[in-house]
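Enquirer: Supplied in structure tokens, the structure appears directly below.
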Amino acid sequence: MCVNLMCPGKEEILPIKANESTEVASNLSANNFHDKVYLQTVYVEIVGRGNKMRVRGLLDSASSRSYVSDRVVNCLKLRPLGHEKVIHGLFGGKETPPIEHCIYALEIHDLNGSFGYCCEVFSERKICGFVPKIEDP
């Protein structure tokens, strides 16, 4: 039996036809724990308070804010502009308790210095774990 998903208020149950397949495919990431996952990254130069540092930035198109690791904050000797409490939405509709982040101003430049962007970012103790690189052939 299948529930009618197009009309949530309508509780009509439709029978499955005898010739329809009921095969279920699993695409859970847990099934691929031996495979490498490649994420979009870019080498950039971060500038703050007159200090510079080259970092590998992670491009996360699903994030609504930008973040900088506490390690980079300490290396550049950045000072917070302020603080903000944020409730983070996670997969499955779960939410974190309110987490306080420091807000920092910094500049992001390409490595040859032809482009720069000023922005405000949240601090985070650790952005992510190891992200493998695709090496040139």
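So this note's numbering is basically just the index in the sequence shown, starting at one, shifted up by 5. Ideal placement from N, C-alpha and C gives every residue a C-beta, glycine not left out.
1. Taking the C-alpha atoms as reference points, what is the distance between D115 and V49?
2. Tell me, please, whether the segment 49–65 touches the segment 86–100 by the rule of three or more beta-carbon pairs shorter than 8 Å.
3. In terms of alpha-carbon separation, which member of D40, K82, D75 and V42 lies closest to S57?
4. Pick helix, strand or coil for L83, following the three-state DSSP scheme.
5. On the DSSP bridge assignment, give the partners of L111 in chain order.
6. Please list, in chain order, all residues of the same chain as L63 whose beta carbon is under 7 Å from its beta carbon, the five residues on each side excluded.
7. Could you tell me whether the Cβ atoms of Y122 and V73 are closer together than 8 Å?
8. Quick check on V77: does DSSP put it in helix, strand or coil?
9. In the DSSP assignment, what residue or residues form a beta bridge with H106?
10. Can you name the start and end residues of the beta strand (DSSP E) that K57 belongs to?
11. Work out the CA separation of I139 and R130 for me, nearest whole Å.
12. Between the C-alpha atoms of D75 and I104, what's the straight-line distance to the nearest angstrom?
13. Do the CB positions of C124 and S71 come within less than 8 Å of each other?
Expert: Working from what's here:
1. 5 Å
2. no
3. Residue 57 is actually Lys in this sequence, not Ser. Of the listed residues, the one whose Cα sits closest to K57 is K82.
4. coil
5. C124
6. L44, T46, I132, C133 and V136
7. no
8. helix
9. E89
10. N56 to L63
11. 26 Å
12. 15 Å
13. yes
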